[in-house]
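Data first, discussion second: the structure below is written as structure tokens.
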Amino acid sequence: MNEEKQAAMNLLKTARGQLDGIVKMIEDDRYCVDISKQILSAMALLKKANIDILDQHIRHCVRTAILEGEEQGDQKIDEIINIIEKYMK
Numbered sequence: 069m070n071e072e073k074q075a076a077m078n079l080l081k082t083a084r085g086q087l088d089g090i091v092k093m094i095e096d097d098r099y100c101v102d103i104s105k106q107i108l109s110a111m112a113l114l115k116k117a118n119i120d121i122l123d124q125h126i127r128h129c130v131r132t133a134i135l136e137g138e139e140q141g142d143q144k145i146d147e148i149i150n151i152i153e154k155y156m157k
């Protein structure tokens with residue numbers, strides 16, 4: 069596993085730990101604002117991991133597809149645009 073993937077993996081593992089903590093906070097009937105802050109923190113980690121994964125995809129898979137041919141490159145670009153559209157909602 070390369071360095072970029074490992075970094076994304078670490079972010080996801082941290083987010084998973086935060087989610088477990090959030091579940092425990094709810095079970096313990098903790099203060100709602102504190103729970104909300106932890107949810108926002110987990111969401112930020114997931115967004116960062118997603119950006120890292122997409123960055124790597126663009127720099128490797130998309131670049132290779134563009135160099136290999138117009139149709140493959142166009143397909144990869146369409147995939148990225150679809151992801152960006154979902155991200156913007």
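Numbering-wise (my numbering), the sequence shown opens with residue 69 and increments by one.
Built from N, CA and C at the ideal position, the CB exists for glycine as well.
Because the structure is a prediction, the values reported are computed rather than measured.
For residue i, report the span of its alpha helix (DSSP H) as first-last.
{"i": "Y155", "result": "138-156"}
{"i": "D102", "result": "100-125"}
{"i": "V130", "result": "Here V130 belongs to no alpha helix (DSSP H), and DSSP marks it neither H nor E."}
{"i": "N78", "result": "71-95"}
With a threshold of 16 other CB atoms inside 10 Å of the CB of residue i, please say whether the residue is buried or exposed.
{"i": "K81", "result": "exposed"}
{"i": "A112", "result": "exposed"}
{"i": "K157", "result": "exposed"}
{"i": "K105", "result": "exposed"}
{"i": "K92", "result": "exposed"}
{"i": "K144", "result": "buried"}
ask   = Between the region 127-138 and the region 84-92, are three or more C-beta pairs nearer than 8 Å?
value = no
message = Under 8 Å: do the region 69-76 and the region 111-120 share three or more Cβ pairs, one atom per stretch?
response = yes
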